Amino acid sequence: MFKTADGAEIFIIDGHTHLWDASPENCLNKYGTGFIDCFHGYQKFLSPPEYVWERPVFCKYGPEKYVKDVFVKGYVDVGIFQPTYLKEFYKTGFNTTEQNAYLKERYPDRFILNGSWDPRDGEAGLDYLTSLVERYAIKGVKLYTAEWKGSSRGWKLTDPWATRYLEKCQQLGVKNIHVHKGPTIWPLSKDAFEVHDVDEAATSFTELNFIVEHCGLPRLEDYCWIAAQESNVYGGLAVVMPFIHSRPRYFAEVMANLLKWVGADKLLFASDYAIWEPKWIVDKFMAFQMPQDLKEEFGVDLTLEVKRKILGENAARLYGIDIAQHKKKLANDAIAKAA
Amino acid sequence: MRQDEVYGQLAQVSDPELDQPLTELGFIGGVRVEGGTVTVHFRLPTFWCAANFAFLMSADIRERVSELPWVERVEVRLQDHCFDQEINDGVNGGKTFAETFPELATGNLEELRATFRAKAFLFRQECLLRSVLELGWSEEAILDVRVGDLPVILLYGQGKALAERYLAVLQERGLASDATAPAFVHPDGRPVAAAEFRAHLEHARRTRFSMEFNAAFCRGLLKTRYCETEEIRALDRSAGARDKHPRLRK
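The listed protein sequences derive, respectively, from chains R and W. For the first sequence, my numbering begins at 5 and goes up steadily by one. For the second sequence, my numbering begins at 51 and goes up steadily by one.
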């Protein structure tokens, strides 16, 4: 919970968090090392210096540190776990649903636990998806289209098997499809960040919500165009948010574009923890004002109401959380007492 | 001096995604000249930068440097990249992208390059349009500008350079041969109609912004990754023909 100077309470759902293990013991190859070093580079590049971690801590920080950084220091009320399996790079996986479930089981009201699937797993993967719903009652999945598998280097949402998985999601009530575009998608000869497959899937599956993580960066122009056409396409602000510190003008310009083309009701705050800590991002976002020239040019603003939507209300709507009731549930839990 | 000639050629190689020269982006980690053999160290902001763009840039480096009359052999060394070995073997062996990645690629990279040249076209056009709009030009006056007017419409400040850059990309697309043709057109050469001017401008603006944002991201990550300052590179350049492999500090 963030409290403004006037005492207004802002309920915060962090739309993109992880509990990963990239320790040397868990790394399988140079790709595992390269993956975590790339993430660490993101942290070093965009965080204020006091929020840059030492590499060993960054590789494996553990559940206690997560709870402290995200809930106790970081104002967050509910965290969404978005798994990224990467089993070709890490022995037990990088950040699986099962790894994340450890914290969900300890603090059930503090987490939304999402699953994941990979269409290349065929029938067995459909069974796995069903088992995730039975075991954890998941309402969302995070899809990583750049995941390597055998000789394959990625997949698209429009692949025939992906369509079957989306149908299954619709049947099982897994309504929130978080899509992450990574840079090694198959075929390698095409633009890896291209977001047009999301457009097609969103048109075919109107009952599902498609949350495009980091708003389709680095193809913001294509993403804005698609989101403006499709009412069920949302934007996850992971990677966008931290620009608020070292590149505030870029942050303002991205937000002006997103507010105009995607809309204030369709953007979800996310820290991408542990790449960045929510504490400083929330502090800076609450203090941030849209520059006058952009307000006029784009006809948008970042009012307290808009911030409230982005920080919690939009995600609460997607995941069926009643904020007033949920606040009561959290008021006396172990984390609230520790804060 | 030969090394400067090599840097002159490298300045003509751009990142296709950002439309900016590799030399300005800091992607050239060093150049070594030994007789007719040139080794170019090439590096990128992350281990995962898209392999197709990495390949295009490597191949372009090789091609541009090979144009120097005294060059007998060019070796491009992409480093710290998930596909560095494959790309180095492919490019230095004169293979195409599809030959380098027979399992992973469905073809070569012409289509990808064309997509990003169209984006670069809009980027450059928008920069120029913004300058003339800031000067208070009306939409009618802007749409009335002819290709032949471009060298003279803005002769001061940054305007001249923007007009030159735009004219160059028009020439590249074969859209500059008729001096009386409209200057502000779609990437395929269709003139921009008055009724669509605002929508076209907004589209071009989003494209420009996205490319600028990506360039800021890439520059920042590269700097973080290699912890290298401009001064070190300047010293290296003046130091002559010794190997200038970048200082990698992890």
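Using N, Cα and C, we set each Cβ at its ideal position, and we do this for glycine too. This structure is a prediction, so every number in the text was calculated from the model and none was measured.
Item: In this structure, does DSSP put R:K146 in helix, strand or coil?; Value: strand
Item: Ignore the nearest five residues each way along the sequence and tell me which others in W:D15's own chain have a CB closer than 6 Å to its CB.; Value: Since the first and last residues shown for chain W are 51 and 300, residue 15 of chain W lies out of range.
Item: Judging by CA-CA distance, which residue of W:F151, W:L212, W:V195, W:G85 is the nearest neighbour of W:T124?; Value: What sits at residue 124 of chain W in the sequence shown is Val, not Thr. Comparing Cα-Cα distances from W:V124 to each of W:F151, W:L212, W:V195, W:G85, the minimum goes to W:G85.
Item: Pairs of beta-carbons, one from the region 52-72 of chain W and one from the region 95-112 of chain W, closer than 8 Å: are there three or more?; Value: yes
Item: Which residues, in chain order, does the region 111-133 of chain W contribute to contact with chain R at a C-beta distance below 7 Å?; Value: C132
Item: If the criterion is Cβ atoms closer than 7 Å, does the pair R:G177 and R:G19 meet it?; Value: no
Item: Are the beta-carbon atoms of R:T88 and R:N104 separated by less than 7 Å?; Value: no
Item: Please state whether DSSP places W:T146 in a helix, a strand or coil.; Value: coil
Item: Would you call the region 165-181 of chain W and the region 231-244 of chain W touching, i.e. three or more CB-CB distances under 8 Å?; Value: yes
Item: If I measure Cβ to Cβ from W:E190 and keep anything under 8 Å in the same chain, skipping five residues before and after, which residues do I get?; Value: A244
Item: Decide if the region 13-28 of chain R is in contact with the region 308-325 of chain R; the criterion is three or more beta carbon pairs, one per stretch, under 8 Å apart.; Value: yes
Item: So R:R157 contacts chain W; which residues on that side make the cut at Cβ distance below 8 Å?; Value: L154
Item: Would you mind working out which of R:D41, R:Y55, R:G45, R:V76 sits nearest R:L334, comparing C-alpha positions?; Value: R:V76
Item: From R:L298 to R:E257, what does the alpha carbon distance come to, in whole angstroms?; Value: 7 Å
Item: I'd like the ranges of any alpha helix (DSSP H) spanning at least 4 consecutive residues and lying wholly in the region 99-187 of chain W.; Value: 101-116, 134-142, 147-150, 160-184
Item: Tell me whether W:L205 is buried or exposed, calling it buried when 16 or more other Cβ atoms sit within 10 Å of its Cβ.; Value: exposed
Item: How far does the alpha helix (DSSP H) with R:D203 in it reach, from first residue to last?; Value: 200-208
Item: Please name the residue, chosen from R:Y148, R:N318, R:F209, R:N118, that lies closest to R:E138 on a Cα-to-Cα basis.; Value: R:N118
Item: What did DSSP end up calling R:F214 once you bin it into helix, strand or coil?; Value: strand
Item: Hey, out of W:G209, W:V195, W:C132, W:G58, whose CA is closest to W:E117's CA?; Value: W:G58
Item: Work out the CA separation of R:K64 and R:R110 for me, nearest whole Å.; Value: 19 Å
Item: Would you mind sorting W:T279 into buried or exposed? The rule is 16 or more other CB atoms within 10 Å of its CB.; Value: At W:T279, the pLDDT of 47 sits below 50, so the modelled position is not reliable and the matter cannot be decided from this model.
Item: By alpha-carbon positions, which one of W:K145, W:F171, W:I203 ends up nearest to W:S181?; Value: W:I203
Item: Does any residue of chain W bring its CB to less than 7 Å from the CB of R:E225?; Value: yes
Item: Under 7 Å between the Cβ atoms of R:T21 and R:Y277?; Value: yes
Item: Can you name the start and end residues of the alpha helix (DSSP H) that R:G129 belongs to?; Value: 126-140
Item: Taking the DSSP output, what are the residues bridged to R:Y94?; Value: R:C31
Item: Measure from the alpha carbon of W:E122 to the alpha carbon of each residue in W:P152, W:V56, W:L217, W:A229, then state which is nearest.; Value: W:V56
Item: Given this structure, state the Cα-to-Cα distance separating R:T167 from R:L161, to the nearest angstrom.; Value: 7 Å
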